[in-house]
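Q: Chains as they are written, first to last, in the numbering used here: chain A, 581 to 943; chain B, 317 to 766.
1) Can you pull the chain A residues whose beta carbon is under 8 Å from the beta carbon of residue 474 of chain B, in chain order?
2) In whole angstroms, give me the CA-to-CA distance for residue 894 of chain A and residue 866 of chain A.
3) Given a cut-off of 8 Å, decide if residue 517 of chain B and residue 370 of chain B are closer than it, judged by their beta-carbon atoms.
4) Return the chain-ordered ranges of every alpha helix (DSSP H) run that is complete within the stretch 551 to 621 of chain B and spans a minimum of 4 residues.
5) Is the stretch 882 to 902 of chain A touching the stretch 669 to 685 of chain A in the sense that three or more CB pairs, one from each, lie closer than 8 Å?
6) Which residue's Cα is closest to the Cα of residue 614 of chain A: A/633, A/655, A/650, A/593?
7) Let me check you understand the geometry: is the CB of residue 853 of chain A closer than 7 Å to at least one non-hydrogen atom of the ligand SAM?
8) Which residues does DSSP list as the beta-bridge partners of residue 656 of chain A?
9) Taking residue 918 of chain A as the reference, give the member of A/869, A/744, A/876 with the closest Cα.
10) Comparing alpha-carbon positions, which option in B/507, B/377, B/363 lies nearest residue 482 of chain B?
11) Which chain B residues are close to residue 828 of chain A, counting only those with a beta carbon under 9 Å from its beta carbon?
12) Beta-carbon of residue 382 of chain B versus every beta-carbon of chain A: anything under 8 Å?
13) Here's the rule: buried if 16 or more other CB atoms are within 10 angstroms of the residue's CB, otherwise exposed. What is residue 498 of chain B?
14) Do you know whose CA, among A/771, A/763, A/855, A/660, lies nearest residue 729 of chain A's CA?
15) With H, G and I counted as helix, E and B as strand and the rest as coil, what does DSSP make of residue 745 of chain B?
16) What residue from A/643, A/663, A/800, A/647 has the CA that sits closest to residue 900 of chain A's CA?
17) When DSSP labels each residue in this structure, what does residue 273 of chain B get in the three-state scheme?
18) So which residues of chain A does residue 424 of chain B contact, with C-beta pairs closer than 8 Å?
19) Taking C-beta pairs closer than 8 Å, name the residues in chain B that residue 822 of chain A reaches, listed in chain order.
20) My output table needs one value for residue 696 of chain A: the three-state DSSP class, helix, strand or coil.
21) Return the CA-CA distance between residue 384 of chain B and residue 345 of chain B, expressed in angstroms with no decimal places.
22) Pick out whichever of B/476, B/692, B/446 has its Cα sitting closest to the Cα of residue 396 of chain B.
23) How long is the line joining the alpha carbons of residue 683 of chain B and residue 495 of chain B, rounded to whole angstroms?
24) Do residue 472 of chain B and residue 418 of chain B have their CB atoms nearer than 8 Å?
25) Distance, Cα to Cα, residue 561 of chain B vs residue 627 of chain B?
26) At a CB-CB cut-off below 7 Å, which residues of chain A make contact with residue 393 of chain B?
27) Tell me which residues of the stretch 323 to 350 of chain B have at least one Cβ-Cβ distance to chain A shorter than 9 Å, keeping chain order.
28) Would DSSP call residue 697 of chain B helix, strand or coil?
29) List, in order along the chain, the chain A residues whose C-beta lies closer than 8 Å to that of residue 727 of chain B?
30) Whole angstroms are fine: how far does the CA of residue 572 of chain B sit from the CA of residue 529 of chain B?
31) Could you tell me whether the Cβ atoms of residue 342 of chain B and residue 351 of chain B are closer together than 8 Å?
32) Mark residue 721 of chain B as exposed unless 16 or more other C-beta atoms lie within 10 angstroms of its C-beta, in which case mark it buried.
33) Give me the subset of the stretch 460 to 494 of chain B whose CB atoms are less than 9 Å from a CB atom of chain A, sorted by chain position.
34) If we define contact as Cβ-Cβ less than 8 Å, is residue 663 of chain B a contact residue for chain E?
35) Does residue 928 of chain A come within less than 8 Å of chain B when only Cβ atoms are used?
36) Quick check: the Cα distance between residue 599 of chain B and residue 669 of chain B, rounded to an integer number of angstroms?
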């Protein structure tokens, strides 16, 4: 890429930040092993990963020579069947939520847009909860769950779009619409989850989010979903850049603004729905990730979108480790540390951008 | 510019917002190389017209054509290659670099699967050079001053290389220097590259200075369309903008410019309510304040006999006051004196400005003295008047004579107005209400004359 990108920092700095992010993934992996329910040495984690990934070709024994076989079987179970899929699910959900936040912030030209704050996540959760109320398609939950979640997310996204379309809309009204929608939908969610024929179903999980009990098939599904969403999102970077000039100006420059807005909301809904279907409602990832991405790598949405995914993944991976650190018994919903981080950050962004906000007609 | 020059034509265009019509069958044409100023009061439909051309607002009737081709068949991208739009304001919040900002103008030329190529970067460089942006292209757009930001925006519009520029109040946030600079660039660019600029402007003087043609909208309808020199008129200004203004002419360019009369107590009466003309004898600029003030107050005036290009005669021309004019530097000829006497005879009263009298215009006083007794005469003699007699005492004696035979002496413009009001109200006792206190009472005292 020639050095024509908007607000680009120097190349070397970008590379350094990129290396830091990549290192973050590995670090979070190992940290999860160390501070998890059973402390596992990084070297052992490496061993187990190498052994499992290569199908037993590397390393001779699963855990290396120094670990006795009985204990090794437990460790493999913990690492390979619990910690690894859980943190991978956290990474993937974080990436999807980060992308979703980046898209929404771009479309609404609003630094406070976020799938959780706008109620889209809760909408997705309600959609998913329908599955439990009516009990349909429970057998194929891995497929029906994200589908229903998508319907809920999209409907909520469209309501938000309508609110943003009104000529009197501003950042404040958009956010308040989201808050109202979120409160309304949360009530609905609790209702459907508490009064369903099957009984009290993991209310904590849905309201606060969690990766507890993640399976490899879920990881595979989210990974596939992220690839598809990512490929489609990659086509939207330039359009979102133009949209920052206002939808009318963007259209005068040859962009079909209306179509771009609709597609972006559709994509954000898909991304959110995928994440919510398997991890419940996790707030603030979509808010924070694009901010950090912009801070580190500039304003070009061609960069901001993929980097929002990367930062979102690291954020949620970090939240996963943090939940271990706070409560080593591994029962703390991942949304809790995220909320600890996101609440103050939200206030910070709100005050920082208040001065430039409110210039009417957002989408 | 690779595309051939084409006309932009609005053909019976109607458009509106949610059932509220904002444009009514507007038709006009802009030819290649032409700068057309789109004028009209707030809410007259200027912005709507530009948005309708851009396809941002669906037409409810008529069509916009480019070289005969209706634009509604164009795709969004195709339209963007024809029109470069400069909106009134942009909600940009992100501090992108100037170069990237200008590069956005190339979007209509970059396919959905492509990145910007070397031709796009060259177009950006050309556009930046054309607006002469003094800051580096790597500066953040939000760090620029208002003038620099507007130039960057202009560069973005030019980068698209669209042949039709639709500029919506491009000077709104600029100081006077930047206003002139920007419009001058637009003008020379259009003339040189055979482009068309449709510029919505509030400032009519800028419109008159920089546009080749003026199109005026009023309540969504086209009310005037024509060359600057002929289209601006006091009637248009009064009917469309509701202002009283006088049109003057720039001595250098010959172009009209307008001077609005400030609102306030005047004009106290509409011209039609004033009966009788007050004739002013002047010359050399001495009558200017009288002409201006009495004209502003709504009195009907005439002027004589002055020389062509004399500042009194220029002012009379700008105010639309009939005047008897002699060739520059020539003594007043017989035919001129004849017409001057006719003007005096047709006047209700005569006001003598403190003009300098020489052998060339002494005839003015002679002709006046010949009519003494027929109508009231007043001498405007402000304090501190320099010597005005250049005839060796002859003129002073004549003025003395006028005074002896009953001419009033007025020292201030307010006194002049009071005198004039008493005279024109002699014959019209039922004047319009709201006049000054002076006339509210019973019939004024008789005019001192004879």
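Positions of the beta carbon are idealized from the N, C-alpha and C atoms, including for glycine.
This structure is a prediction, so every number in the text was calculated from the model and none was measured.
A: Reading from the atomic positions:
1) None at all; the shortest Cβ gap to chain A is about 13 Å.
2) Each residue's Cα considered, the two are about 12 Å apart.
3) With contacts defined by Cβ atoms closer than 8 Å, residue 370 of chain B and residue 517 of chain B do not form a contacting pair.
4) Counting only runs of 4 or more, we get 604 to 612.
5) Output reads yes: the stretch 882 to 902 of chain A touches the stretch 669 to 685 of chain A.
6) Nearest option by C-alpha distance: A/655.
7) The ligand SAM is not part of the structure shown, which contains no ligands of any sort.
8) Beta-bridge analysis with DSSP links residue 656 of chain A to no other residue.
9) Among A/869, A/744, A/876, the Cα nearest to that of residue 918 of chain A is on A/869.
10) Considering only alpha carbons, the answer is B/363.
11) Residues of chain B with a Cβ closer than 9 Å to the Cβ of residue 828 of chain A are, in chain order, 367, 370, 372, 401, 403.
12) Answer no: the Cβ-Cβ gap between residue 382 of chain B and chain A never drops below 8 Å.
13) It is buried - the Cβ of residue 498 of chain B has at least 16 other Cβ atoms within 10 Å.
14) The option with the nearest alpha carbon to residue 729 of chain A is A/855.
15) Low confidence applies here, because residue 745 of chain B scores a pLDDT of 41, under 50, leaving its location unreliable; read the following figure in that light. In the structure shown, residue 745 of chain B falls within a coil segment according to DSSP collapsed to helix, strand and coil.
16) Ranked by Cα distance from residue 900 of chain A, the options A/643, A/663, A/800, A/647 are led by A/663.
17) There is no way to answer for residue 273 of chain B, as the model of chain B reaches only from 317 to 766.
18) Within 8 Å Cβ-Cβ: 833, 834.
19) Per Cβ cutoff of 8 Å: 420, 423.
20) The answer is coil: DSSP assigns residue 696 of chain A none of H, G, I, E or B.
21) Distance between the alpha carbons of residue 384 of chain B and residue 345 of chain B: 11 Å.
22) Nearest neighbour of residue 396 of chain B by Cα position, chosen from B/476, B/692, B/446, turns out to be B/476.
23) Near 51 Å, if we compare the C-alpha coordinates of residue 495 of chain B and residue 683 of chain B.
24) Yes.
25) The alpha-carbon separation between residue 561 of chain B and residue 627 of chain B amounts to approximately 19 Å.
26) Taking the beta carbon of residue 393 of chain B as reference, the chain A residues within 7 Å of it are 834, listed in sequence order.
27) So nothing in the stretch comes that close.
28) Residue 697 of chain B falls in the coil class under three-state DSSP.
29) Under the 8 Å cutoff, chain A gives no residues; its nearest Cβ is about 58 Å from residue 727 of chain B.
30) Roughly 13 Å separates the two Cα atoms.
31) Going by beta carbons, residue 342 of chain B and residue 351 of chain B fall outside the 8 Å limit.
32) So residue 721 of chain B counts as exposed.
33) Result list: 472, 476, 482.
34) The structure shown has no chain E; the protein chains it does contain are A and B.
35) By this cut-off, residue 928 of chain A is not an interface position.
36) Those two C-alpha atoms are separated by around 8 Å.
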